[in-house]
Amino acid sequence: MKKLSFFFWAVCLLIGMAACSSDKVIDTVTVEGGKLQGVLTENPDVMIFKGVPYAAPPVGELRWANTRPVVPWEGVKVADTWGHPSVQPGRAPGSFYHKEFQPEPLLPTSEDCLFLNVWAPACAVGHPEAKLPVAMWIHGGAYVNGCGSDVAFDGEAWVERGVILVTINYRLGTLGFFSHPELTAENGYGSSGNQGTYDQLAAIQWIYNNIAQFGGDPAKITIMGQSAGAASVKTLVASPLTRGLVSKAIIQSGGGLGGFLGGGPSNIPFSFYDEQGKAVMDAAGFDTLEKMRAASVEELSKIRGRMGGPHPDGRIVTLTFDEAAQAGELLDIPYMIGSNGDDTGDQRASINAFCALRSQQSSQPAYQYFFDRKLPGDDAGAFHSAELWYMFHTLGRSWRPMTQHDFDLSDKMMDYWTNFVKYGNPNGDGVDGPWKASTADAPYTEQLN
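Its first residue numbered 615, the sequence shown is counted upward by one per residue in the working numbering.
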(Lines of atoms letter the chains of each structure in order from A and count residues from 1; the text may use other names and numbers.)
(Lines give C-alpha, C1' and ligand atoms only; values in the text may rest on other atoms or scores of the structure.)
Protein backbone atom coordinates (compact mmCIF):
# COMPACT_ATOMS: atom_id res chain seq x y z
CA MET A 1 0.00 0.00 0.00
CA LYS A 2 1.36 3.43 -0.90
CA LYS A 3 2.21 5.94 1.76
CA LEU A 4 -0.55 8.53 1.97
CA SER A 5 -0.28 12.16 2.98
CA PHE A 6 -1.03 13.50 6.43
CA PHE A 7 -3.88 15.45 4.82
CA PHE A 8 -5.42 12.19 3.57
CA TRP A 9 -5.21 10.45 6.94
CA ALA A 10 -6.67 13.53 8.63
CA VAL A 11 -9.72 13.08 6.43
CA CYS A 12 -10.06 9.45 7.49
CA LEU A 13 -9.87 10.46 11.13
CA LEU A 14 -12.35 13.28 10.55
CA ILE A 15 -14.99 10.84 9.36
CA GLY A 16 -14.21 8.36 12.10
CA MET A 17 -12.21 5.74 10.22
CA ALA A 18 -8.74 4.51 11.07
CA ALA A 19 -8.14 3.30 7.53
CA CYS A 20 -9.89 2.60 4.24
CA SER A 21 -10.23 -1.12 4.79
CA SER A 22 -12.52 -2.92 2.36
CA ASP A 23 -15.12 -3.78 5.01
CA LYS A 24 -15.62 -0.08 5.83
CA VAL A 25 -15.76 1.36 2.32
CA ILE A 26 -18.92 2.83 0.85
CA ASP A 27 -18.76 2.21 -2.88
CA THR A 28 -22.24 3.32 -3.99
CA VAL A 29 -23.49 6.91 -4.10
CA THR A 30 -26.61 8.61 -5.40
CA VAL A 31 -26.03 11.37 -7.93
CA GLU A 32 -28.02 13.17 -10.60
CA GLY A 33 -29.17 10.30 -12.79
CA GLY A 34 -29.24 7.51 -10.23
CA LYS A 35 -27.10 5.20 -8.13
CA LEU A 36 -23.44 4.81 -9.01
CA GLN A 37 -20.99 2.15 -7.85
CA GLY A 38 -17.25 2.78 -7.95
CA VAL A 39 -14.31 0.37 -7.96
CA LEU A 40 -11.02 0.38 -6.10
CA THR A 41 -7.84 1.14 -8.04
CA GLU A 42 -4.55 -0.73 -7.64
CA ASN A 43 -4.17 1.39 -4.54
CA PRO A 44 -6.99 0.07 -2.31
CA ASP A 45 -7.28 3.46 -0.61
CA VAL A 46 -8.34 5.12 -3.87
CA MET A 47 -11.71 4.62 -5.56
CA ILE A 48 -12.53 5.50 -9.15
CA PHE A 49 -15.86 6.06 -10.83
CA LYS A 50 -15.34 5.74 -14.59
CA GLY A 51 -17.66 6.81 -17.37
CA VAL A 52 -20.16 8.76 -15.28
CA PRO A 53 -22.85 10.42 -17.46
CA TYR A 54 -23.06 14.11 -16.57
CA ALA A 55 -25.50 15.16 -19.31
CA ALA A 56 -27.94 13.76 -21.85
CA PRO A 57 -26.39 12.08 -24.90
CA PRO A 58 -26.11 14.84 -27.57
CA VAL A 59 -27.48 12.66 -30.36
CA GLY A 60 -30.42 12.78 -32.77
CA GLU A 61 -32.42 15.94 -32.20
CA LEU A 62 -29.86 16.98 -29.56
CA ARG A 63 -26.96 17.02 -32.03
CA TRP A 64 -25.53 20.58 -31.70
CA ALA A 65 -28.02 21.42 -28.94
CA ASN A 66 -26.65 23.06 -25.83
CA THR A 67 -26.01 20.53 -23.07
CA ARG A 68 -29.13 19.02 -21.49
CA PRO A 69 -29.58 17.38 -18.06
CA VAL A 70 -28.50 13.77 -17.61
CA VAL A 71 -31.04 11.06 -18.42
CA PRO A 72 -31.85 8.96 -15.30
CA TRP A 73 -30.94 5.27 -15.35
CA GLU A 74 -32.48 2.36 -13.48
CA GLY A 75 -30.76 0.32 -10.82
CA VAL A 76 -27.10 0.72 -9.89
CA LYS A 77 -24.69 1.76 -12.62
CA VAL A 78 -21.31 0.09 -12.09
CA ALA A 79 -18.76 2.76 -13.04
CA ASP A 80 -15.87 0.50 -14.05
CA THR A 81 -15.53 1.38 -17.75
CA TRP A 82 -14.30 4.55 -19.47
CA GLY A 83 -16.96 6.48 -21.37
CA HIS A 84 -16.70 7.00 -25.13
CA PRO A 85 -14.48 9.91 -26.23
CA SER A 86 -16.00 12.42 -28.61
CA VAL A 87 -15.81 11.69 -32.33
CA GLN A 88 -12.35 12.80 -33.49
CA PRO A 89 -9.75 12.18 -36.21
CA GLY A 90 -7.13 10.87 -33.77
CA ARG A 91 -3.42 11.44 -33.96
CA ALA A 92 -1.82 10.31 -37.19
CA PRO A 93 0.09 7.01 -36.77
CA GLY A 94 3.80 7.73 -36.64
CA SER A 95 3.32 11.37 -35.65
CA PHE A 96 5.13 12.86 -32.66
CA TYR A 97 2.08 13.03 -30.39
CA HIS A 98 0.90 9.58 -31.45
CA LYS A 99 4.27 8.24 -30.35
CA GLU A 100 4.16 10.19 -27.08
CA PHE A 101 0.58 9.76 -25.92
CA GLN A 102 -1.25 7.15 -27.97
CA PRO A 103 0.70 3.89 -27.89
CA GLU A 104 -2.57 1.95 -27.96
CA PRO A 105 -5.63 2.45 -30.19
CA LEU A 106 -8.03 5.12 -28.99
CA LEU A 107 -11.17 3.94 -27.25
CA PRO A 108 -14.15 3.69 -29.63
CA THR A 109 -15.46 7.21 -30.20
CA SER A 110 -19.11 8.27 -30.24
CA GLU A 111 -21.44 11.25 -30.31
CA ASP A 112 -22.62 9.88 -26.96
CA CYS A 113 -19.53 11.16 -25.17
CA LEU A 114 -20.55 13.31 -22.21
CA PHE A 115 -18.90 11.34 -19.44
CA LEU A 116 -16.57 12.19 -16.58
CA ASN A 117 -14.32 10.20 -14.24
CA VAL A 118 -13.88 10.72 -10.48
CA TRP A 119 -10.92 9.60 -8.34
CA ALA A 120 -11.60 9.95 -4.60
CA PRO A 121 -10.31 8.57 -1.28
CA ALA A 122 -12.15 5.32 -0.61
CA CYS A 123 -12.74 6.39 2.98
CA ALA A 124 -14.29 9.72 1.92
CA VAL A 125 -16.85 8.35 -0.56
CA GLY A 126 -20.32 8.71 0.89
CA HIS A 127 -19.09 11.21 3.49
CA PRO A 128 -20.03 14.80 2.54
CA GLU A 129 -18.50 16.03 5.77
CA ALA A 130 -15.00 15.23 4.43
CA LYS A 131 -15.16 18.42 2.32
CA LEU A 132 -12.09 17.69 0.20
CA PRO A 133 -10.92 20.14 -2.48
CA VAL A 134 -11.65 19.15 -6.08
CA ALA A 135 -9.80 19.64 -9.37
CA MET A 136 -11.54 19.32 -12.76
CA TRP A 137 -9.21 18.59 -15.68
CA ILE A 138 -10.03 19.75 -19.23
CA HIS A 139 -7.95 17.91 -21.82
CA GLY A 140 -6.23 19.55 -24.76
CA GLY A 141 -6.08 18.48 -28.39
CA ALA A 142 -6.80 21.66 -30.41
CA TYR A 143 -10.54 21.18 -29.79
CA VAL A 144 -10.53 18.19 -32.16
CA ASN A 145 -8.75 15.39 -30.25
CA GLY A 146 -8.40 13.95 -26.76
CA CYS A 147 -10.47 12.63 -23.86
CA GLY A 148 -10.48 12.49 -20.08
CA SER A 149 -9.06 8.96 -20.05
CA ASP A 150 -5.94 9.68 -22.13
CA VAL A 151 -2.91 7.64 -21.10
CA ALA A 152 -1.11 10.48 -19.29
CA PHE A 153 -4.00 11.23 -16.94
CA ASP A 154 -4.53 9.55 -13.58
CA GLY A 155 -5.89 10.62 -10.22
CA GLU A 156 -4.17 8.30 -7.73
CA ALA A 157 -1.33 10.68 -6.87
CA TRP A 158 -3.82 13.53 -6.52
CA VAL A 159 -5.97 11.55 -4.10
CA GLU A 160 -2.89 10.53 -2.11
CA ARG A 161 -2.31 14.25 -1.56
CA GLY A 162 -5.87 14.92 -0.47
CA VAL A 163 -7.49 16.16 -3.70
CA ILE A 164 -10.40 14.62 -5.61
CA LEU A 165 -9.66 14.62 -9.35
CA VAL A 166 -12.32 14.73 -12.06
CA THR A 167 -11.50 14.41 -15.77
CA ILE A 168 -14.09 15.06 -18.46
CA ASN A 169 -14.98 14.42 -22.08
CA TYR A 170 -16.68 17.12 -24.15
CA ARG A 171 -17.81 17.49 -27.75
CA LEU A 172 -15.03 18.19 -30.22
CA GLY A 173 -14.59 19.44 -33.78
CA THR A 174 -17.64 19.71 -35.99
CA LEU A 175 -19.89 18.38 -33.23
CA GLY A 176 -18.54 20.67 -30.53
CA PHE A 177 -17.92 24.08 -32.07
CA PHE A 178 -20.25 24.50 -35.04
CA SER A 179 -22.30 27.63 -35.78
CA HIS A 180 -25.27 27.87 -38.15
CA PRO A 181 -28.18 30.34 -38.55
CA GLU A 182 -30.77 27.62 -37.92
CA LEU A 183 -29.04 26.56 -34.70
CA THR A 184 -28.90 30.17 -33.58
CA ALA A 185 -32.63 30.55 -34.28
CA GLU A 186 -33.26 27.36 -32.31
CA ASN A 187 -31.24 28.66 -29.35
CA GLY A 188 -32.88 32.07 -29.41
CA TYR A 189 -29.85 34.25 -28.66
CA GLY A 190 -26.72 35.77 -30.28
CA SER A 191 -24.85 32.94 -31.98
CA SER A 192 -24.55 29.17 -31.81
CA GLY A 193 -21.35 27.16 -31.88
CA ASN A 194 -20.03 26.73 -28.34
CA GLN A 195 -21.47 23.28 -27.69
CA GLY A 196 -18.22 21.94 -26.22
CA THR A 197 -17.99 24.94 -23.89
CA TYR A 198 -21.54 24.32 -22.65
CA ASP A 199 -20.47 20.72 -22.00
CA GLN A 200 -17.59 21.95 -19.86
CA LEU A 201 -19.94 24.25 -17.94
CA ALA A 202 -22.37 21.37 -17.42
CA ALA A 203 -19.52 19.27 -16.01
CA ILE A 204 -18.65 22.04 -13.52
CA GLN A 205 -22.31 22.27 -12.52
CA TRP A 206 -22.51 18.50 -12.11
CA ILE A 207 -19.46 18.57 -9.84
CA TYR A 208 -20.91 21.45 -7.84
CA ASN A 209 -24.19 19.57 -7.35
CA ASN A 210 -22.83 16.05 -6.74
CA ILE A 211 -19.22 16.04 -5.56
CA ALA A 212 -20.19 16.05 -1.86
CA GLN A 213 -21.31 12.43 -2.36
CA PHE A 214 -17.65 11.57 -3.07
CA GLY A 215 -16.36 13.55 -0.09
CA GLY A 216 -15.76 16.74 -2.06
CA ASP A 217 -16.44 20.38 -1.23
CA PRO A 218 -18.45 22.25 -3.91
CA ALA A 219 -17.00 25.51 -2.58
CA LYS A 220 -13.46 24.34 -3.50
CA ILE A 221 -13.54 23.52 -7.21
CA THR A 222 -10.43 24.27 -9.27
CA ILE A 223 -10.66 24.10 -13.07
CA MET A 224 -7.47 23.32 -14.92
CA GLY A 225 -6.40 22.42 -18.43
CA GLN A 226 -3.55 22.31 -20.93
CA SER A 227 -3.36 23.64 -24.51
CA ALA A 228 -6.96 23.77 -25.80
CA GLY A 229 -7.92 22.74 -22.27
CA ALA A 230 -6.08 25.81 -20.96
CA ALA A 231 -7.79 27.98 -23.56
CA SER A 232 -11.06 26.44 -22.34
CA VAL A 233 -10.22 27.45 -18.77
CA LYS A 234 -9.58 30.99 -20.03
CA THR A 235 -12.97 31.00 -21.72
CA LEU A 236 -14.70 29.73 -18.58
CA VAL A 237 -13.12 32.19 -16.14
CA ALA A 238 -14.25 35.00 -18.47
CA SER A 239 -17.82 33.67 -18.63
CA PRO A 240 -20.66 35.17 -16.57
CA LEU A 241 -22.12 31.66 -16.21
CA THR A 242 -19.32 30.26 -14.01
CA ARG A 243 -19.62 32.81 -11.22
CA GLY A 244 -19.97 31.13 -7.82
CA LEU A 245 -18.91 27.74 -9.20
CA VAL A 246 -15.10 27.98 -9.46
CA SER A 247 -12.61 28.80 -6.70
CA LYS A 248 -9.25 28.59 -8.53
CA ALA A 249 -7.83 28.08 -12.03
CA ILE A 250 -4.70 26.52 -13.54
CA ILE A 251 -3.74 27.44 -17.13
CA GLN A 252 -1.03 25.27 -18.74
CA SER A 253 0.48 26.19 -22.13
CA GLY A 254 -2.51 28.31 -23.08
CA GLY A 255 -0.75 31.67 -23.16
CA GLY A 256 -1.61 34.70 -21.07
CA LEU A 257 -2.76 37.96 -22.59
CA GLY A 258 -2.90 37.40 -26.35
CA GLY A 259 -4.93 35.08 -28.56
CA PHE A 260 -4.51 31.32 -28.37
CA LEU A 261 -6.92 28.88 -30.02
CA GLY A 262 -9.77 31.34 -29.51
CA GLY A 263 -12.35 33.20 -31.53
CA GLY A 264 -12.24 36.82 -32.57
CA PRO A 265 -13.14 39.83 -30.43
CA SER A 266 -16.66 40.29 -29.15
CA ASN A 267 -17.43 43.09 -31.62
CA ILE A 268 -17.42 40.66 -34.56
CA PRO A 269 -21.05 40.25 -35.67
CA PHE A 270 -22.59 36.98 -34.49
CA SER A 271 -23.68 36.34 -38.08
CA PHE A 272 -20.01 36.00 -39.08
CA TYR A 273 -19.71 32.62 -37.35
CA ASP A 274 -23.13 31.42 -38.48
CA GLU A 275 -22.45 32.29 -42.11
CA GLN A 276 -19.15 30.43 -42.05
CA GLY A 277 -20.84 27.29 -40.75
CA LYS A 278 -23.68 27.57 -43.27
CA ALA A 279 -21.26 27.92 -46.18
CA VAL A 280 -19.39 24.79 -45.11
CA MET A 281 -22.55 22.70 -44.74
CA ASP A 282 -24.17 24.03 -47.90
CA ALA A 283 -21.07 23.06 -49.86
CA ALA A 284 -21.35 19.54 -48.48
CA GLY A 285 -25.01 19.29 -49.52
CA PHE A 286 -26.53 19.70 -46.05
CA ASP A 287 -28.53 22.88 -46.56
CA THR A 288 -31.08 22.39 -43.78
CA LEU A 289 -30.83 21.54 -40.09
CA GLU A 290 -32.91 18.43 -40.73
CA LYS A 291 -30.35 17.18 -43.27
CA MET A 292 -27.46 18.04 -40.97
CA ARG A 293 -28.93 16.07 -38.10
CA ALA A 294 -29.71 13.15 -40.38
CA ALA A 295 -26.13 12.99 -41.70
CA SER A 296 -23.90 10.22 -40.41
CA VAL A 297 -20.93 10.95 -38.22
CA GLU A 298 -18.71 9.63 -41.03
CA GLU A 299 -20.16 12.18 -43.45
CA LEU A 300 -19.70 15.03 -40.98
CA SER A 301 -16.14 13.97 -40.23
CA LYS A 302 -15.18 14.54 -43.86
CA ILE A 303 -16.30 18.16 -43.83
CA ARG A 304 -13.50 20.68 -43.64
CA GLY A 305 -13.90 24.34 -42.78
CA ARG A 306 -13.90 26.69 -39.81
CA MET A 307 -15.19 24.84 -36.78
CA GLY A 308 -12.56 26.44 -34.54
CA GLY A 309 -13.18 26.72 -30.84
CA PRO A 310 -15.12 28.97 -28.47
CA HIS A 311 -16.20 32.40 -29.71
CA PRO A 312 -18.42 35.19 -28.35
CA ASP A 313 -22.06 34.10 -28.58
CA GLY A 314 -23.83 36.57 -26.29
CA ARG A 315 -24.43 34.07 -23.51
CA ILE A 316 -21.67 31.77 -22.28
CA VAL A 317 -18.99 33.87 -24.01
CA THR A 318 -19.75 37.59 -23.83
CA LEU A 319 -16.13 38.79 -23.76
CA THR A 320 -12.90 37.16 -24.84
CA PHE A 321 -10.37 36.34 -22.13
CA ASP A 322 -8.27 39.39 -23.02
CA GLU A 323 -11.28 41.70 -23.00
CA ALA A 324 -12.49 40.34 -19.66
CA ALA A 325 -9.01 40.60 -18.17
CA GLN A 326 -8.54 44.20 -19.26
CA ALA A 327 -12.00 45.10 -17.95
CA GLY A 328 -11.41 43.36 -14.62
CA GLU A 329 -14.24 40.93 -15.36
CA LEU A 330 -12.41 37.61 -14.90
CA LEU A 331 -13.33 35.42 -11.96
CA ASP A 332 -11.58 37.02 -8.99
CA ILE A 333 -9.76 33.89 -7.84
CA PRO A 334 -6.15 32.65 -7.50
CA TYR A 335 -4.48 31.66 -10.77
CA MET A 336 -1.55 29.40 -11.62
CA ILE A 337 -0.28 29.81 -15.17
CA GLY A 338 2.75 28.71 -17.16
CA SER A 339 4.30 27.15 -20.23
CA ASN A 340 7.12 24.87 -21.38
CA GLY A 341 10.62 25.49 -22.65
CA ASP A 342 9.94 24.12 -26.13
CA ASP A 343 6.26 25.01 -26.26
CA THR A 344 4.15 26.28 -29.16
CA GLY A 345 6.05 29.54 -29.25
CA ASP A 346 7.45 31.52 -26.33
CA GLN A 347 4.46 32.33 -24.11
CA ARG A 348 6.38 33.87 -21.22
CA ALA A 349 5.83 37.55 -22.08
CA SER A 350 2.06 37.08 -22.44
CA ILE A 351 1.90 35.13 -19.17
CA ASN A 352 3.98 37.71 -17.34
CA ALA A 353 1.67 40.44 -18.66
CA PHE A 354 -1.36 38.56 -17.32
CA CYS A 355 0.18 38.17 -13.85
CA ALA A 356 1.17 41.84 -13.80
CA LEU A 357 -2.34 42.94 -14.73
CA ARG A 358 -3.93 40.68 -12.12
CA SER A 359 -1.70 42.12 -9.39
CA GLN A 360 -2.92 45.61 -10.28
CA GLN A 361 -6.56 44.60 -10.21
CA SER A 362 -6.89 42.06 -7.41
CA SER A 363 -5.54 40.91 -4.07
CA GLN A 364 -5.83 37.30 -5.29
CA PRO A 365 -2.42 35.88 -6.32
CA ALA A 366 -1.23 34.75 -9.73
CA TYR A 367 1.61 32.20 -9.73
CA GLN A 368 3.78 31.76 -12.80
CA TYR A 369 5.86 28.68 -13.76
CA PHE A 370 8.19 27.65 -16.56
CA PHE A 371 8.67 23.89 -17.15
CA ASP A 372 12.05 23.38 -18.81
CA ARG A 373 13.00 19.77 -18.11
CA LYS A 374 14.49 18.39 -21.33
CA LEU A 375 12.90 14.95 -21.37
CA PRO A 376 15.29 12.01 -21.68
CA GLY A 377 15.26 9.75 -24.72
CA ASP A 378 15.77 12.18 -27.60
CA ASP A 379 16.25 15.89 -28.36
CA ALA A 380 12.54 16.89 -28.27
CA GLY A 381 13.22 18.93 -25.14
CA ALA A 382 10.47 20.32 -22.91
CA PHE A 383 7.88 19.99 -25.66
CA HIS A 384 4.24 21.08 -25.64
CA SER A 385 2.40 18.67 -23.29
CA ALA A 386 5.60 17.25 -21.75
CA GLU A 387 4.63 18.39 -18.25
CA LEU A 388 1.55 16.14 -18.25
CA TRP A 389 3.58 13.05 -17.29
CA TYR A 390 4.91 14.96 -14.28
CA MET A 391 1.78 16.69 -12.95
CA PHE A 392 -0.22 13.45 -13.09
CA HIS A 393 2.73 11.35 -11.82
CA THR A 394 2.39 8.92 -14.74
CA LEU A 395 6.01 8.85 -15.92
CA GLY A 396 5.96 5.06 -15.82
CA ARG A 397 3.51 5.06 -18.75
CA SER A 398 5.88 6.95 -21.02
CA TRP A 399 8.30 5.16 -23.35
CA ARG A 400 11.04 7.53 -22.25
CA PRO A 401 13.88 6.34 -19.95
CA MET A 402 12.87 8.48 -16.99
CA THR A 403 15.46 8.97 -14.26
CA GLN A 404 15.18 9.42 -10.51
CA HIS A 405 15.50 13.15 -11.16
CA ASP A 406 12.30 12.99 -13.25
CA PHE A 407 10.40 11.20 -10.50
CA ASP A 408 11.68 13.71 -7.93
CA LEU A 409 10.57 16.58 -10.16
CA SER A 410 7.17 14.93 -10.56
CA ASP A 411 6.79 14.65 -6.77
CA LYS A 412 7.68 18.31 -6.41
CA MET A 413 5.19 19.34 -9.09
CA MET A 414 2.47 17.14 -7.62
CA ASP A 415 2.95 18.93 -4.30
CA TYR A 416 2.82 22.34 -5.99
CA TRP A 417 -0.29 21.56 -8.04
CA THR A 418 -2.25 19.96 -5.21
CA ASN A 419 -1.21 22.60 -2.69
CA PHE A 420 -2.54 25.24 -5.05
CA VAL A 421 -5.85 23.38 -5.35
CA LYS A 422 -6.08 22.99 -1.57
CA TYR A 423 -4.86 26.40 -0.44
CA GLY A 424 -4.48 28.77 -3.41
CA ASN A 425 -0.75 28.68 -2.65
CA PRO A 426 1.58 26.12 -4.31
CA ASN A 427 3.89 26.21 -1.28
CA GLY A 428 1.22 25.07 1.18
CA ASP A 429 -1.20 26.50 3.70
CA GLY A 430 0.10 29.87 4.87
CA VAL A 431 3.63 28.93 3.78
CA ASP A 432 5.98 31.65 2.54
CA GLY A 433 7.89 29.21 0.35
CA PRO A 434 10.14 29.51 -2.69
CA TRP A 435 7.34 30.11 -5.19
CA LYS A 436 6.29 33.75 -5.01
CA ALA A 437 3.20 35.26 -6.56
CA SER A 438 4.14 37.20 -9.71
CA THR A 439 3.29 40.89 -9.67
CA ALA A 440 3.88 43.98 -11.79
CA ASP A 441 6.45 45.26 -9.29
CA ALA A 442 8.07 41.89 -8.56
CA PRO A 443 7.64 39.42 -11.42
CA TYR A 444 8.53 35.85 -10.44
CA THR A 445 8.63 32.60 -12.37
CA GLU A 446 9.12 29.24 -10.67
CA GLN A 447 11.58 27.22 -12.75
CA LEU A 448 10.65 23.53 -13.06
CA ASN A 449 13.60 21.60 -14.48
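The beta carbon of each residue, even a glycine, is placed where N, CA and C say it ideally should be. These numbers come from a predicted model, not from an experiment.
Query, Result
"Cβ neighbour criterion (16 or more within 10 Å) applied to Trp1013", "exposed"
"Separation of Phe1034 from Val780, as counted between CA atoms", "16 Å"
"Buried/exposed call for Lys905, threshold 16 Cβ in 10 Å", "exposed"
"Residues that DSSP places opposite Phe594 in a beta bridge", "Outside the displayed range of the chain (615 to 1063) lies residue 594, so it cannot be described from this structure."
"Buried versus exposed, by CB contacts within 10 Å (16 or more), Pro1048", "exposed"
"Whether Asp986 touches Gly955 by CB criterion (9 Å)", "yes"
"Anticipated Cβ contact below 8 Å, Thr798 with Asp888, distance rounded", "5 Å"
"Rounded C-alpha distance that separates Asn808 from Ala852", "14 Å"
"contact_flag[the region 720-734, the region 813-824] where n(CB pairs < 8 Å) is 3 or more", "yes"
"Which listed residue (Gly870, Leu903 and Gly1010) has its alpha carbon closest to that of Tyr949", "Gly870"
"Sheet register partners of Met838 (DSSP bridge)", "Trp751 and Ile864"
"Start and end residues, beta strand (DSSP E) containing Trp678", "Run containing Trp678: none; DSSP gives neither H nor E here."
"Ala939 versus Ala893: straight-line alpha-carbon distance, rounded", "33 Å"
"Pro667, enclosing beta strand (DSSP E) - first and last residue", "Val660 to Pro667"
"Euclidean distance between Cα positions of Leu933 and Gly762", "27 Å"
"Leu945 versus Lys834 - alpha carbon distance", "14 Å"
"C-beta contact flag for Met838 and Ile752 at 9 Å", "yes"
"Environment of Gly787 [buried if 16+ CB atoms lie within 10 Å]", "buried"
"Under the three-state DSSP convention, the category Glu656 falls into", "coil"
"Spatial neighbours of Gly830 in its chain, beta-carbon cut-off 6 Å, leaving aside the 5 residues before and after", "Leu746, Val748 and Ile778"
"Thr1053 vs Ser953 beta-carbon contact at 9 Å", "no"
"C-beta atoms of Thr856 and Met750 nearer than 9 Å", "no"
"Uninterrupted beta strand (DSSP E) stretches inside the region 921-983 (no shorter than 3 residues)", "949-954"
"Outcome for Asp768 when other beta-carbon atoms lying within 10 angstroms are tallied against a minimum of 16", "buried"
"Gln827 and Val645 closer than 9 Å at C-beta", "yes"
"Whole runs of the alpha helix (DSSP H) within the region 735-818, excluding any shorter than 4 residues", "770-774, 787-790 and 795-801"
"DSSP-derived helix/strand/coil call for Asp831", "strand"
"C-alpha gap between Gly878 and Val684, whole angstroms", "32 Å"
"Range of the contiguous alpha helix (DSSP H) that encloses Thr1032", "Gln1018 to Tyr1037"
"Three-way DSSP call (helix, strand, coil) for Phe900 in this model", "coil"
"C-beta atoms of Gly776 and Lys1036 nearer than 9 Å", "yes"
"Simplified DSSP assignment, three categories, for Leu585", "Only positions 615 to 1063 of the chain appear in the structure, and residue 585 is not among them; the question remains open."
"Trp733 in three-state terms, based on DSSP", "strand"
"Where Lys638 falls: helix, strand or coil (DSSP)", "helix"
"Distance between Leu859 and Gln819 (C-alpha atoms, nearest Å)", "7 Å"
"Chain-order list of residues whose beta-carbon lies under 7 Å from that of Leu676 (same chain, five-residue window excluded)", "Ala670 and Arg682"
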